[in-house]
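One structure is given below, encoded as structure tokens.
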Amino acid sequence: MTTVETVSPAEIESTRKLGARNESEILRAVARVTQAHVADCMGVSASTISRALDDLNRWALLLAAAGLQVNPVDSMVVDAH
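For the sequence shown, position 74 matches number 81 in the numbering used here, and the numbering has no gaps at all.
This is how it looks when you write it as structure tokens:
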């Protein structure tokens, strides 16, 4: 049995904005340390990272839709609740 939930236009827009912030945060971080360094840390080639970044928008939106936000490891995150 599946249930279909209605998503409001406001929620769609909020997800889009958070997804864009997630994507931007990831791209800035990768640019700061280089794709080659990221690849070395993951044990893959730089071209693998390049291909993964081609799908970044989709993954950033998925995180946003699930209520997740990307933050730098050295940031302080405070729960709004």
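For every residue, glycine included, the Cβ atom is placed at its ideal position computed from N, Cα and C. Computed from a predicted model, the values in this text were never measured in an experiment.
Practice task
State the DSSP-derived secondary structure class of Leu34, mapped to helix, strand or coil.
Solution key: Helix.
Exercise for the section: Would you check if the segment 37-47 and the segment 81-88 touch, i.e. whether three or more CB-CB distances between them fall below 8 Å? Expected result: no
Exercise for the section: Rank Val37, Trp66, Asn64 and Arg65 by C-alpha distance to the C-alpha of Ala53 and give the top, closest one. Expected result: Val37
Exercise for the section: Report yes if the C-beta distance between Thr55 and Ala46 is below 8 Å; otherwise report no. Expected result: yes
Problem - Classification of Glu12 by the beta-carbon crowding that lies within 10 angstroms, buried from 16 upward - result: Burial call: exposed.
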